[in-house]
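The next block holds one structure in the form of structure tokens; read it before the comments.
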DNA sequence: ATGGTAATTGAAAACGATTGTCAATTCTCG
DNA sequence: CGAGAATTGACAATCGTTTTCAATTACCAT
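Quick look at the structure:
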């Protein structure tokens, strides 16, 4: 089987300064365990995808994952990447951030809660934590007698670089 | 607490109960003025689109607008609807809400900003305003050099009535 | 290890939402 | 009114994503 590259993303602004993930030394069996826990079979493709997600930039598109993985595993197809990312998103193993009509971006679900600040122009995502906001959310909910379960907070704006055109 | 846009299931997930837009006596020249203010020409199509937006449901898709408008103006094309909605969104005359991969929904930008507190059990929606949160959002954006354009804040929880049962 | 079997894969085509193209029409302003 | 530019409708093209399907592969029981 050969690998075909779909259409190249057109005029998307590429390569923002995006923070890298750096994780602890990875237990080699960790990914296998993750996959089995999802009730799925362990394949080289899935391992490679997890590898890529844990080593690369924090918020990546499916295309980017595909390109990265494809570089070292030339046989992998992008459908596999999409399928696996979706499965993981369903199980909350990865978090999916969709902004406007731009391609969805994925990250391994962080153990520590944060929200996102997204550039509407280039799609760059900055993570932030703001405990005061969290507290106010609790307060608002309580004021209305609600027991808060979760929330969605996404800020959108224009990043410094795009402001400079 | 997750900041994730809820993953979309396949197929059309019908959206929860929608509030209708309150109808005020509409100054007949109002829409024409709005259009001219945008630096655009006044056409029957654009008037019909605005008419539809101000009279119907609060959050509608471009498709829905097209169907509504098309019923009374059979010659209108959906490209015109998309184009005009986009133009208005650019100028913030309408607010565009995109959830997951679902079609974008539009509403005439409410003059008064509010966010939503939604019961995950019964779907009841409570609107709230919380200026301190707004201010903190501004601050977060500024701290990162972003020029804030808009935000999505949705709180989810269990309403008092559903807690009781 | 081996073979049966269901899950998974890659390629390609399908898909739905949105955007572009372009000739024909319509608005605006002089 | 009439010229010029903006706008329109029909339709094709794009984009990200999903599905389809035959071929392959992982996994379990033997």
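Protein chains in written order, with this note's numbering: chain A, 1 to 165; chain B, 1 to 165. The beta carbon of each residue, even a glycine, is placed where N, CA and C say it ideally should be.
Cα-Cα, which of the options is closest to residue i?
| i | options | result |
| --- | --- | --- |
| residue 68 (chain B) | B:48, B:163, B:106, B:85 | B:48 |
| residue 109 (chain A) | A:96, A:43, A:77 | A:96 |
| residue 55 (chain A) | A:34, A:134, A:102, A:107 | A:107 |
| residue 123 (chain B) | B:155, B:142, B:147 | B:155 |
| residue 144 (chain B) | A:44, A:125, A:121 | A:125 |
| residue 44 (chain A) | A:58, A:27, A:57, A:84 | A:84 |
| residue 89 (chain B) | B:116, B:38, B:74 | B:38 |
| residue 46 (chain A) | A:58, A:33, A:57 | A:33 |
| residue 117 (chain B) | A:70, A:92, A:91, A:138 | A:138 |
| residue 91 (chain B) | B:27, B:40, B:74, B:73 | B:40 |
| residue 160 (chain B) | A:73, A:142, A:160, A:165 | A:142 |
With a Cβ-Cβ cutoff of 8 Å, do residue i and residue j count as a contact?
| i | j | result |
| --- | --- | --- |
| residue 94 (chain B) | residue 53 (chain B) | yes |
| residue 127 (chain A) | residue 114 (chain A) | yes |
| residue 42 (chain B) | residue 65 (chain B) | no |
| residue 60 (chain B) | residue 105 (chain B) | yes |
| residue 120 (chain B) | residue 152 (chain A) | no |
| residue 101 (chain A) | residue 86 (chain B) | no |
| residue 133 (chain B) | residue 76 (chain A) | no |
Between residue i and residue j, how many whole angstroms is the CB-CB distance? I'm expecting something under 8 Å.
| i | j | result |
| --- | --- | --- |
| residue 130 (chain B) | residue 140 (chain A) | 6 Å |
| residue 149 (chain B) | residue 35 (chain A) | Wrong, their Cβ atoms sit about 39 Å apart, outside the cutoff. |
| residue 50 (chain B) | residue 31 (chain B) | 4 Å |
| residue 103 (chain A) | residue 63 (chain A) | 6 Å |
Residue i touches chain B at which residues, Cβ-Cβ below 7 Å?
| i | result |
| --- | --- |
| residue 136 (chain A) | 130, 132, 133 |
In chain A, what lies closer than 7 Å to residue i by C-beta?
| i | result |
| --- | --- |
| residue 140 (chain B) | 117, 128, 130, 155 |
Could you name the residues of chain A that residue i contacts, counting a contact when the two beta carbons are closer than 9 Å?
| i | result |
| --- | --- |
| residue 160 (chain B) | 144, 145, 146, 147 |
| residue 163 (chain B) | 145, 146, 147 |
Under the criterion of a Cβ to heavy atom distance below 7 Å, does residue i qualify as lining the ligand ATP?
| i | result |
| --- | --- |
| residue 121 (chain B) | The model depicted lacks the ligand ATP and carries no ligand whatsoever. |
Positions along the stretch 142-157 of chain A whose CB lies within less than 7 Å of some CB in chain B: 144, 145, 146, 147, 148, 149, 150, 151, 152, 153, 154, 155, 156, 157
Interface positions of the stretch 110-129 of chain A facing chain B (Cβ-Cβ less than 8 Å), listed along the chain: 113, 114, 115, 116, 117, 119, 120, 126, 128
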